[in-house]
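Student: Mind looking over this structure? Questions follow.
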Amino acid sequence: MDRMYGLRRNVAKLFDNKGKLFLMAMDHAQGGCVEGLEDIRQKALDHADTALDGFLLNVGLAPAMGQEEKLLGRKLALRTSFGGTMMSAEFTNVHANHVSPETALALGADAVVMMLVMGGADYRSAQAMARDIDAYHRLQIPVIVEVLADDYGSTQTFDVQANGARVAAELGADVVKGFYTEKFDRVVSGCPVPFLLAGGPRGTDIAEIVREGVDAGIRGLAFGRNLFQNSGSHELIARLDAILRG
(Lines of atoms letter the chains of each structure in order from A and count residues from 1; the text may use other names and numbers.)
(Lines give C-alpha, C1' and ligand atoms only; values in the text may rest on other atoms or scores of the structure.)
Protein backbone atom coordinates (compact mmCIF):
# COMPACT_ATOMS: atom_id res chain seq x y z
CA MET A 1 0.00 0.00 0.00
CA ASP A 2 1.20 3.50 -0.85
CA ARG A 3 1.35 5.20 2.57
CA MET A 4 1.47 8.66 0.99
CA TYR A 5 -1.70 8.18 -1.06
CA GLY A 6 -3.84 9.96 1.52
CA LEU A 7 -1.40 12.86 1.75
CA ARG A 8 -1.40 13.37 -2.00
CA ARG A 9 -5.20 13.35 -2.02
CA ASN A 10 -5.34 15.90 0.77
CA VAL A 11 -2.82 18.21 -0.90
CA ALA A 12 -4.77 17.99 -4.16
CA LYS A 13 -7.99 18.94 -2.33
CA LEU A 14 -6.39 22.20 -1.22
CA PHE A 15 -6.34 23.24 -4.86
CA ASP A 16 -9.68 21.84 -5.97
CA ASN A 17 -11.03 25.24 -7.07
CA LYS A 18 -9.59 25.63 -10.56
CA GLY A 19 -6.19 24.52 -9.29
CA LYS A 20 -5.75 27.51 -6.96
CA LEU A 21 -6.17 28.33 -3.26
CA PHE A 22 -7.28 31.70 -1.82
CA LEU A 23 -7.09 32.17 1.97
CA MET A 24 -7.70 35.06 4.33
CA ALA A 25 -4.93 34.93 6.94
CA MET A 26 -6.24 35.78 10.42
CA ASP A 27 -3.47 34.09 12.44
CA HIS A 28 -2.12 37.25 14.08
CA ALA A 29 -1.92 36.22 17.74
CA GLN A 30 1.56 37.72 18.03
CA GLY A 31 -0.03 41.16 17.68
CA GLY A 32 -2.74 40.63 20.27
CA CYS A 33 -6.04 42.26 19.33
CA VAL A 34 -5.19 43.46 15.83
CA GLU A 35 -7.27 46.15 14.15
CA GLY A 36 -9.77 44.45 11.89
CA LEU A 37 -9.69 41.19 13.86
CA GLU A 38 -11.55 42.29 16.97
CA ASP A 39 -14.19 39.63 16.22
CA ILE A 40 -12.64 36.93 14.05
CA ARG A 41 -15.76 34.76 13.93
CA GLN A 42 -17.81 37.66 12.60
CA LYS A 43 -15.05 38.63 10.17
CA ALA A 44 -15.11 35.12 8.73
CA LEU A 45 -18.91 35.14 8.53
CA ASP A 46 -18.85 38.50 6.77
CA HIS A 47 -16.68 36.93 4.07
CA ALA A 48 -18.40 33.55 3.84
CA ASP A 49 -20.04 34.41 0.53
CA THR A 50 -16.92 35.76 -1.19
CA ALA A 51 -14.54 33.94 -3.52
CA LEU A 52 -12.30 32.96 -0.59
CA ASP A 53 -11.63 29.22 -0.30
CA GLY A 54 -10.99 29.40 3.42
CA PHE A 55 -9.22 30.94 6.37
CA LEU A 56 -5.89 30.67 8.18
CA LEU A 57 -6.54 30.60 11.93
CA ASN A 58 -4.87 29.87 15.24
CA VAL A 59 -5.97 26.85 17.24
CA GLY A 60 -8.00 28.72 19.85
CA LEU A 61 -10.29 30.34 17.28
CA ALA A 62 -10.42 27.52 14.74
CA PRO A 63 -13.45 25.84 16.41
CA ALA A 64 -15.55 28.80 15.22
CA MET A 65 -15.33 27.25 11.75
CA GLY A 66 -17.31 24.26 12.98
CA GLN A 67 -19.92 26.27 14.85
CA GLU A 68 -21.21 28.24 11.87
CA GLU A 69 -23.00 26.43 9.07
CA LYS A 70 -21.92 29.06 6.54
CA LEU A 71 -18.27 28.26 7.28
CA LEU A 72 -18.41 24.46 7.29
CA GLY A 73 -17.59 24.23 3.61
CA ARG A 74 -14.59 26.54 3.85
CA LYS A 75 -11.07 25.24 4.14
CA LEU A 76 -9.25 25.53 7.46
CA ALA A 77 -5.52 26.16 7.37
CA LEU A 78 -4.45 25.77 10.99
CA ARG A 79 -1.49 27.75 12.33
CA THR A 80 0.42 25.38 14.59
CA SER A 81 3.50 27.48 15.45
CA PHE A 82 4.16 30.55 17.58
CA GLY A 83 7.28 32.65 18.07
CA GLY A 84 6.30 35.15 20.76
CA THR A 85 4.41 38.44 20.87
CA MET A 86 5.25 41.91 19.60
CA MET A 87 5.95 42.85 23.25
CA SER A 88 8.75 40.31 23.56
CA ALA A 89 12.22 41.68 24.36
CA GLU A 90 13.70 39.35 21.75
CA PHE A 91 12.58 37.16 18.90
CA THR A 92 13.31 33.46 18.60
CA ASN A 93 14.34 31.88 15.34
CA VAL A 94 12.51 28.68 16.28
CA HIS A 95 8.74 29.05 16.09
CA ALA A 96 7.81 25.92 18.01
CA ASN A 97 4.76 23.91 17.00
CA HIS A 98 2.28 23.59 19.85
CA VAL A 99 -0.60 21.82 18.08
CA SER A 100 -0.39 18.05 17.80
CA PRO A 101 -1.30 16.21 14.58
CA GLU A 102 -4.17 14.57 16.47
CA THR A 103 -5.59 17.95 17.48
CA ALA A 104 -5.29 19.22 13.91
CA LEU A 105 -7.28 16.21 12.72
CA ALA A 106 -9.88 16.65 15.46
CA LEU A 107 -10.44 20.25 14.34
CA GLY A 108 -10.87 19.15 10.74
CA ALA A 109 -7.86 21.09 9.50
CA ASP A 110 -7.27 20.81 5.76
CA ALA A 111 -3.61 21.76 6.29
CA VAL A 112 -1.31 23.05 9.00
CA VAL A 113 0.96 26.08 8.72
CA MET A 114 4.35 26.47 10.37
CA MET A 115 7.42 28.69 10.07
CA LEU A 116 10.92 28.32 8.67
CA VAL A 117 13.17 31.13 9.91
CA MET A 118 16.18 31.71 7.65
CA GLY A 119 19.44 33.19 8.88
CA GLY A 120 21.19 33.14 12.23
CA ALA A 121 21.27 29.65 13.73
CA ASP A 122 18.66 28.52 11.23
CA TYR A 123 19.62 24.86 11.51
CA ARG A 124 17.53 24.83 14.70
CA SER A 125 14.47 26.12 12.88
CA ALA A 126 15.02 23.82 9.90
CA GLN A 127 15.56 20.70 12.02
CA ALA A 128 12.49 21.39 14.16
CA MET A 129 10.41 22.05 11.04
CA ALA A 130 11.54 18.85 9.34
CA ARG A 131 10.77 16.73 12.42
CA ASP A 132 7.32 18.24 12.74
CA ILE A 133 6.54 17.84 9.04
CA ASP A 134 7.30 14.14 9.43
CA ALA A 135 4.88 13.90 12.38
CA TYR A 136 2.02 15.54 10.47
CA HIS A 137 2.71 13.45 7.38
CA ARG A 138 2.27 10.26 9.38
CA LEU A 139 -1.40 11.23 9.63
CA GLN A 140 -1.54 12.44 6.00
CA ILE A 141 -1.89 16.12 6.98
CA PRO A 142 -0.58 18.61 4.39
CA VAL A 143 2.01 21.08 5.69
CA ILE A 144 2.34 24.67 4.51
CA VAL A 145 5.64 26.32 5.47
CA GLU A 146 5.95 30.10 5.69
CA VAL A 147 9.38 31.64 5.08
CA LEU A 148 10.66 34.38 7.40
CA ALA A 149 14.08 35.88 8.10
CA ASP A 150 15.89 35.88 11.44
CA ASP A 151 16.34 39.60 10.73
CA TYR A 152 12.65 40.20 10.12
CA GLY A 153 13.33 43.26 7.99
CA SER A 154 15.05 41.01 5.46
CA THR A 155 12.08 38.68 5.03
CA GLN A 156 10.93 40.20 1.75
CA THR A 157 14.25 39.80 -0.04
CA PHE A 158 15.12 37.51 -2.91
CA ASP A 159 17.80 35.51 -1.07
CA VAL A 160 15.57 34.74 1.90
CA GLN A 161 12.50 33.82 -0.13
CA ALA A 162 14.26 31.89 -2.91
CA ASN A 163 16.50 29.90 -0.60
CA GLY A 164 13.86 29.49 2.11
CA ALA A 165 11.28 28.17 -0.33
CA ARG A 166 13.73 25.63 -1.68
CA VAL A 167 14.91 24.52 1.77
CA ALA A 168 11.32 24.14 2.99
CA ALA A 169 10.38 22.03 -0.03
CA GLU A 170 13.47 19.83 0.21
CA LEU A 171 12.78 19.18 3.90
CA GLY A 172 9.24 18.02 3.19
CA ALA A 173 6.87 21.00 2.90
CA ASP A 174 3.88 20.30 0.67
CA VAL A 175 3.23 24.00 0.03
CA VAL A 176 5.31 27.14 0.63
CA LYS A 177 3.86 30.48 1.76
CA GLY A 178 6.14 33.37 0.93
CA PHE A 179 6.46 36.99 -0.08
CA TYR A 180 6.87 38.92 -3.30
CA THR A 181 10.43 40.04 -4.03
CA GLU A 182 12.51 41.22 -6.93
CA LYS A 183 13.16 38.42 -9.45
CA PHE A 184 10.01 36.78 -8.13
CA ASP A 185 9.72 34.43 -11.09
CA ARG A 186 12.97 32.81 -9.95
CA VAL A 187 11.63 32.40 -6.41
CA VAL A 188 8.64 30.47 -7.73
CA SER A 189 10.45 28.49 -10.43
CA GLY A 190 13.03 27.32 -7.88
CA CYS A 191 10.33 26.00 -5.55
CA PRO A 192 9.27 22.45 -6.54
CA VAL A 193 6.01 22.57 -4.56
CA PRO A 194 3.02 24.94 -4.85
CA PHE A 195 3.76 28.52 -3.78
CA LEU A 196 1.22 30.76 -2.02
CA LEU A 197 1.80 34.51 -2.16
CA ALA A 198 1.52 36.10 1.28
CA GLY A 199 1.95 39.74 0.28
CA GLY A 200 4.47 42.29 -0.87
CA PRO A 201 6.24 45.49 0.16
CA ARG A 202 4.13 48.26 1.69
CA GLY A 203 2.81 50.79 -0.76
CA THR A 204 2.75 48.44 -3.72
CA ASP A 205 -0.29 47.72 -5.88
CA ILE A 206 -1.49 44.39 -4.51
CA ALA A 207 -3.41 43.57 -7.69
CA GLU A 208 -0.30 44.11 -9.80
CA ILE A 209 1.72 41.89 -7.46
CA VAL A 210 -0.89 39.14 -7.80
CA ARG A 211 -0.81 39.53 -11.58
CA GLU A 212 2.97 39.16 -11.60
CA GLY A 213 2.67 36.22 -9.22
CA VAL A 214 0.21 34.43 -11.46
CA ASP A 215 2.51 34.99 -14.43
CA ALA A 216 5.34 33.51 -12.33
CA GLY A 217 3.29 30.41 -11.49
CA ILE A 218 1.94 30.90 -7.97
CA ARG A 219 -0.83 28.51 -6.93
CA GLY A 220 -2.64 30.77 -4.51
CA LEU A 221 -2.92 33.69 -2.12
CA ALA A 222 -2.85 33.93 1.68
CA PHE A 223 -3.47 37.60 2.45
CA GLY A 224 -4.14 39.15 5.84
CA ARG A 225 -4.14 42.89 6.48
CA ASN A 226 -4.57 43.63 2.79
CA LEU A 227 -8.02 42.09 3.19
CA PHE A 228 -9.27 42.28 6.76
CA GLN A 229 -8.19 45.92 7.23
CA ASN A 230 -9.66 46.97 3.88
CA SER A 231 -13.12 48.56 3.96
CA GLY A 232 -13.61 47.39 0.38
CA SER A 233 -12.46 43.83 1.03
CA HIS A 234 -15.34 42.16 -0.82
CA GLU A 235 -14.61 44.06 -4.01
CA LEU A 236 -10.86 43.48 -3.63
CA ILE A 237 -11.34 39.74 -3.11
CA ALA A 238 -13.44 39.54 -6.27
CA ARG A 239 -10.80 41.46 -8.21
CA LEU A 240 -7.91 39.34 -6.96
CA ASP A 241 -9.82 36.12 -7.52
CA ALA A 242 -10.45 37.10 -11.13
CA ILE A 243 -6.71 37.58 -11.60
CA LEU A 244 -5.81 34.39 -9.74
CA ARG A 245 -8.24 32.02 -11.43
CA GLY A 246 -8.87 33.87 -14.67
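Following the UniProt record's numbering, the numbering of the sequence shown begins with 1 at its first residue and continues without gaps. Using N, Cα and C, we set each Cβ at its ideal position, and we do this for glycine too. Keep in mind it's a predicted model, so treat the numbers as computed, not measured.
#1: Is M114 helix, strand or coil when you go by DSSP?
#2: Give me whichever residues DSSP pairs with R79 in a beta bridge.
#3: What residues are listed by DSSP as bridge partners for A216?
#4: Closer than 6 angstroms by C-beta to V99: which residues in its own chain qualify, once you throw out the five before and the five after it? Chain order, please.
#5: Is there contact here, the region 103-120 with the region 135-152, by at least three beta-carbon pairs under 8 angstroms?
#6: Thinking C-alpha only, which one of R74, P201, V117, G217 is nearest K13?
#7: Applying the criterion that 16 or more other CB atoms from any shown protein chain within 10 Å of the CB defines a buried residue, is F223 buried or exposed?
#8: Go to I243, then tell me how far its alpha helix (DSSP H) extends in each direction, as first and last residue.
#9: Helix, strand or coil: which one does DSSP assign to G108?
#10: Nearest-angstrom Cα distance between H95 and V176?
#11: From Y180, I40, L221, pick the residue whose C-alpha is nearest to that of S154; which is it?
#12: Report, in whole angstroms, the separation of the C-beta atoms of H47 and S233, which I expect to be a contact under 8 angstroms.
#13: Measure the C-alpha to C-alpha separation of Q156 and R3 and round it to an integer number of angstroms.
#14: How is A149 classed by DSSP in three states: helix, strand or coil?
#15: Exposed or buried, which one is A25 when buried takes at least 16 other CB atoms within 10 Å?
#16: Do you know how far the Cα of K20 is from the Cα of D53?
#17: Tell me which residues share the same chain as L45 and place their Cβ nearer than 8 angstroms to its Cβ, disregarding the 5 neighbours each side in the sequence.
#18: What residue range is occupied by the uninterrupted alpha helix (DSSP H) comprising F184?
Tutor: Answer, in terms of the structure:
#1: Residue numbering aside, residue 114 sits at position 114 when the sequence shown is read from its first letter. Note: M114 maps to strand in three-state DSSP.
#2: For this step, residue 79 is matched to residue 79 along the sequence shown. For R79, which the question treats as bridged, DSSP gives the partners N58, V113.
#3: On the sequence shown, position 216 is the one that residue 216 refers to. A216 pairs with nothing; no bridge assigned.
#4: Here the question's residue 99 lines up with position 99 in the sequence shown. Hits under 6 angstroms: V59, T80.
#5: Cβ pair count under 8 angstroms is three or more, so yes.
#6: As a working note, residue 13 is residue 13 in the sequence shown. When only C-alpha atoms are compared, the closest one is R74.
#7: For the purposes of this step, residue 223 is taken as residue 223 along the sequence shown, with counting starting at 1. Taking every protein chain shown into account, the CB of F223 has 16 or more other CB atoms within 10 angstroms, so this residue is buried.
#8: Start at 1 with the first residue of the sequence shown, and residue 243 comes out as number 243. Element bounds for I243: 233-245.
#9: Position 108 of the sequence shown, counting from 1, holds the residue named residue 108. DSSP, reduced to helix, strand and coil, places G108 outside both helices and strands of the structure shown, so it counts as coil.
#10: The count along the sequence shown starts at 1 and reaches residue 95 at position 95. The count along the sequence shown starts at 1 and reaches residue 176 at position 176. Computed Cα separation, rounded: 16 angstroms.
#11: Position 154 of the sequence shown, counted from the first residue, corresponds to residue 154. A check of alpha carbon separations from S154 across Y180, I40, L221 identifies Y180 as the nearest.
#12: Your numbering for residue 47 matches position 47 in the sequence shown. Your numbering for residue 233 matches position 233 in the sequence shown. About 7 angstroms separates the beta carbon of H47 from that of S233, a gap short enough to meet the 8 angstroms contact definition.
#13: Taking the first residue of the sequence shown as position 1, residue 156 is located at position 156. Taking the first residue of the sequence shown as position 1, residue 3 is located at position 3. Taking the straight line from one Cα to the other gives about 36 angstroms.
#14: Your numbering for residue 149 matches position 149 in the sequence shown. Correct three-state label for A149: strand.
#15: Position 25 of the sequence shown, counted from the start, is the residue given in the question as residue 25. It is buried - the Cβ of A25 has at least 16 other Cβ atoms within 10 Å.
#16: What you label residue 53 is simply residue 53 of the sequence shown in a count that begins at 1. What you label residue 20 is simply residue 20 of the sequence shown in a count that begins at 1. For D53 and K20, the distance between alpha carbons rounds to 9 angstroms.
#17: By 1-based counting over the sequence shown, the position of residue 45 is 45. Taken in chain order, the residues that qualify are E68, K70, L71.
#18: Working through the sequence shown from its first residue, we reach residue 184 at position 184. Element bounds for F184: 184-189.
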